[in-house]
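Notes to accompany the following structure.
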Amino acid sequence: MKNFTLIPALFLCSFGWIFLSVTESRMVEVQPGEDVTLLCSNFSSSPSQIIWFRLVSRTYPRCISSIFSSTQPASFCSGVEPDRFGLTSNSSTLFFKIRRVDYSDSGFYFCGFYYKTHPVIVNSTYLKVPEESDRTAHLMSFILAGLTVLLLMVIVGLIVQNRRLNRILTDDLNYTTVTFRTEMNRREPEVIYSATR
């Protein structure tokens, strides 16, 4: 996962947009509609502004929220819906909460600070939210698998029933004998009469 996380970060670093520090990385997967809390260790021993970024379109780190100390409320960057996001802190950890996640929330989230107008990344988390169509596709696969098994059972049942019926009809034909004889009392000598027993 570290290589996967460092690729976009190194890409941004090559353009001089961010600086990297030692980063720890993890991946979090949640279902659409759930809440998730991303964690970042509080790397500053004195009060300083710590910021959560989100990597947008793999090229641009966008500020989401920042906090100066655990005793002050978090502030949100422009364009961010404060009712969906929350940022709190204690002396050792920052808690970044996203409420009612959806597929568009998927991506890299970075915790860090600014150094001379450039963001410095301390911690990164990849948030994976599967699309609703993924869940629907899994459900449809399950339903189709069940229908396939049911259809195979019906086909096998029909084959077995057909073989039994053919065996019974064949047995009936084996026990029936046909005899041919001519009728003596009639005037039509070229007609053959038969009877089964």
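When the letters of the sequence shown are read in order and numbered with mature numbering (1 follows the signal peptide of the UniProt record, and there is no 0), they come out as residues -25 to -1, 1 to 172.
Don't be surprised by glycine CBs; every beta carbon is placed ideally from N, CA and C.
No experiment lies behind these values; they were computed from the predicted model shown.
Hey, out of the options, whose CA is closest to residue i's CA?
i: Val76; options: Leu144, Arg1, Glu9 and Ile130; result: Glu9
i: Tyr101; options: Ser23, Ser16, Phe28 and Gln24; result: Phe28
i: Gln24; options: Leu122, Val124, Arg74 and Val97; result: Val97
i: Gly54; options: Val124, Ser40 and Phe71; result: Ser40
i: Cys38; options: Tyr89, Pro48, Thr63 and Ser16; result: Tyr89
Excluding the 5 residues flanking residue i on each side, which residues of the same chain have their C-beta closer than 7 Å to its C-beta?
i: Glu107; result: Pro7
i: Val131; result: none
i: Val(-4); result: With a pLDDT of 45 at Val(-4), under the threshold of 50, the predicted position of this residue should be treated as unreliable, though the coordinate-derived value follows. Nothing listed; no residue qualifies.
Around the Cβ of residue i, are there at least 16 other Cβ atoms within 10 angstroms (buried) or fewer (exposed)?
i: Gly121; result: exposed
i: Phe117; result: exposed
i: Pro36; result: buried
i: Val135; result: exposed
i: Tyr84; result: buried
i: Ile143; result: exposed
Going by DSSP, what residues sit across from residue i in a beta bridge?
i: Met115; result: In DSSP, Met115 forms no bridge with anything.
i: Leu69; result: Cys15 and Ser64
Grab me the residues of residue i's own chain with a C-beta within less than 6 Å of its C-beta, minus the 5 sequence neighbours each way, in chain order.
i: Gly61; result: Lys72
i: Glu165; result: none
i: Leu13; result: Phe71, Tyr84 and Thr100
So, under 8 Å CB-CB, residue i and residue j are touching, yes? Tell me the CB distance rounded to an integer number of Å.
i: Val95; j: Gly82; result: Going by Cβ atoms, the distance from Val95 to Gly82 rounds to 19 Å, so no, they are not a contact pair.
i: Thr92; j: Cys15; result: Their Cβ separation, rounded to whole angstroms, is 21 Å, which puts Thr92 and Cys15 out of contact at 8 Å.
What residues in its chain sit with their C-beta under 8 Å from that of residue i, if we drop five residues either side in the sequence?
i: Val11; result: Val3, Val5, Lys72, Ile73, Val76 and Leu102
i: Tyr78; result: Pro7, Val104, Pro105, Glu106 and Glu107
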